[in-house]
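Before any comments, here is the structure.
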Amino acid sequence: MNKFSGKVAIVTGGASGIGYAIVNRLLNQGIKVAVADLNEDRLKELEEEHKGNLIGVVTNVTKEKDIEALVQKTVDTFGGLDYGFNVAGASRSALITDQSEEDWDFTVDLCLKGVFLSVKHQARYMKEHGGGAIVNVASLNAHVPMFYGAAYSSAKAGVEMLTKNAALELAQHNIRVNALLPGLVSTPLTKGLTDHEGINEAYKERIPMRRPADPDEMAGPAMFLVSDDASYVNGTGLVVDGAWEVSGYPDLSKFM
Numbered sequence: 001m002n003k004f005s006g007k008v009a010i011v012t013g014g015a016s017g018i019g020y021a022i023v024n025r026l027l028n029q030g031i032k033v034a035v036a037d038l039n040e041d042r043l044k045e046l047e048e049e050h051k052g053n054l055i056g057v058v059t060n061v062t063k064e065k066d067i068e069a070l071v072q073k074t075v076d077t078f079g080g081l082d083y084g085f086n087v088a089g090a091s092r093s094a095l096i097t098d099q100s101e102e103d104w105d106f107t108v109d110l111c112l113k114g115v116f117l118s119v120k121h122q123a124r125y126m127k128e129h130g131g132g133a134i135v136n137v138a139s140l141n142a143h144v145p146m147f148y149g150a151a152y153s154s155a156k157a158g159v160e161m162l163t164k165n166a167a168l169e170l171a172q173h174n175i176r177v178n179a180l181l182p183g184l185v186s187t188p189l190t191k192g193l194t195d196h197e198g199i200n201e202a203y204k205e206r207i208p209m210r211r212p213a214d215p216d217e218m219a220g221p222a223m224f225l226v227s228d229d230a231s232y233v234n235g236t237g238l239v240v241d242g243a244w245e246v247s248g249y250p251d252l253s254k255f256m
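144 is the number that my numbering gives to position 144 of the sequence shown; each next residue is one higher, with no gaps.
This is the structure in structure tokens:
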């Protein structure tokens with residue numbers, strides 16, 4: 001890994017789950033972190049715990065003004081921006097024939113539009129200040145469909161293609177953009193699935209490693225993608241799924 005000390009990062013969705021694991025890794029490497037999330041109470045806790053090294057910024061990633069303000073506050077507080085980790089996401093699930101327009105828009109806006117706006121404004125700063133590296137968290141579902149997940153899977157597939165397009169456009173400005181595609185990870189977002197014994201077993205049957213990942217097992221690959229060890233890695237999607245993709249997705253329809 002490169003010498004991270006003195007670097008500055010933004011993590012969207014950084015108050016819990018994969019985002020929080022990335023935040024911890026960044027802090028442990030001496031990186032100043034701006035955590036963007038809607039959980040204001042949790043952001044205040046993190047600021048108190050890591051005074052001087054972390055700021056919490058209440059941010060709706062689907063609102064361009066919020067993202068602009070996030071980048072500006074990060075730069076004003078820490079003097080720059082070197083890395084962006086765009087993790088924020090959630091899903092409102094339904095079969096395609098039952099999916100409401102409102103729930104489709106919520107999922108696609110949060111998972112795809114939020115990444116677009118984040119990359120746009122992170123890269124705007126980076127291209128004027130020597131470059132940087134961005135990691136967008138997509139999902140195994142960018143490659144593998146799932147019942148009740150058309151909006152989520154489509155949005156995450158969009159994140160992977162957005163990442164490739166951003167890498168194509170931004171390489172000339174010394175900005176690398178890559179995607180991380182997690183499989184099943186034990187987070188608050190997946191708790192409703194993994195707490196259901198039948199669903200949990202169906203997942204484990206398809207995952208050759210027979211378990212979900214810990215969020216910290218996503219943080220390591222994310223850190224690799226911004227490190228000097230990945231200096232020639234650009235525009236790729238790194239699948240981190242315990243070999244799940246090679247085995248196929250479980251049929252969740254029987255549980256609903």
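Glycine included, every Cβ here is placed at the ideal spot set by N, Cα and C. Everything numeric in this text was worked out from a predicted model, so none of it was measured.
The beta strand (DSSP E) enclosing residue i, as first and last residue numbers
{"i": "Asp258", "result": "Limits of the chain in this structure are 1 at one end and 256 at the other, which puts residue 258 out of reach."}
Residue(s) in a DSSP beta bridge with residue i
{"i": "Phe85", "result": "Val11 and Val135"}
{"i": "Arg262", "result": "An answer regarding residue 262 cannot be provided, because it is not within the stretch 1 to 256 covered by the chain."}
{"i": "Ala55", "result": "Sequence inspection shows Ile at residue 55; the Ala mentioned does not correspond to that position. Note: Ile55 sits in a beta bridge opposite Ala34."}
{"i": "Ala123", "result": "Per DSSP, none; premise fails for Ala123."}
{"i": "Ala142", "result": "Paired residue(s): none; Ala142 is not in a bridge."}
{"i": "Ala94", "result": "Gly149"}
{"i": "Ala213", "result": "Val185"}
Proximal residues to residue i (C-beta, below 8 Å), its chain only, five neighbours per side dropped
{"i": "Asn39", "result": "Ala15 and Ser16"}
{"i": "Glu245", "result": "Leu140, His143, Val144, Gly183 and Val239"}
{"i": "Glu47", "result": "Leu54, Ile55 and Gly56"}
Same chain, Cβ closer than 6 Å to residue i, neighbours up to 5 away in sequence not counted
{"i": "Glu59", "result": "A small correction: the amino acid at residue 59 is Thr; Glu does not occupy that position in the sequence shown. Ala36, Asp66 and Leu70, listed in sequence order."}
{"i": "Gly30", "result": "Phe4 and Ser5"}
{"i": "Thr163", "result": "Asn136, Val177 and Ala179"}
{"i": "Ser154", "result": "none"}
{"i": "Thr74", "result": "Ile10, Ala34 and Leu81"}
{"i": "Ala151", "result": "Trp104, Thr107 and Val108"}
{"i": "Leu193", "result": "Ile199"}
{"i": "Thr77", "result": "Ile55"}
{"i": "Glu45", "result": "none"}
{"i": "Phe224", "result": "Ala230"}
First and last residue of the uninterrupted alpha helix (DSSP H) at residue i
{"i": "Gly237", "result": "No alpha helix (DSSP H) contains Gly237, which is instead part of the beta strand (DSSP E) from Gly237 to Val240."}
{"i": "Ile226", "result": "Before going on, a small fix: residue 226 reads as Val here, not Ile. Looking at the DSSP string, the run of the alpha helix (DSSP H) that includes Val226 is Asp216 to Val226."}
{"i": "Gln291", "result": "The question about residue 291 has no answer here: the residues shown for the chain are numbered 1 through 256."}
{"i": "Glu128", "result": "Taken as a continuous stretch (DSSP letters only), Glu128 belongs to no alpha helix (DSSP H), as it is neither H nor E."}
{"i": "Glu48", "result": "Glu40 to Glu49"}
{"i": "Ile22", "result": "Gly17 to Asn28"}
{"i": "Val108", "result": "Glu101 to Val108"}
Nearest candidate by alpha-carbon position, reference residue i, set the options
{"i": "Gly183", "options": "His143, Ala167, Asp76 and Phe147", "result": "His143"}
{"i": "Asn260", "options": "Gln172, Ser118 and Asn86", "result": "A query on residue 260 cannot be resolved here, the shown segment of the chain reaching from 1 to 256 and no further."}
{"i": "Ile22", "options": "Thr62, Asn86, Asp76 and Gly79", "result": "Asn86"}
{"i": "Ala138", "options": "Lys127, Asp41, Leu238 and Asp214", "result": "Leu238"}
Same chain only: Cβ atoms within 7 Å of residue i, ignoring 5 sequence neighbours per side
{"i": "Ala157", "result": "Ala142"}
{"i": "His50", "result": "Leu27"}
Whole alpha helix (DSSP H) runs in the stretch 149-199 with 4 or more residues, listed along the chain?
-> 150-170 and 191-194
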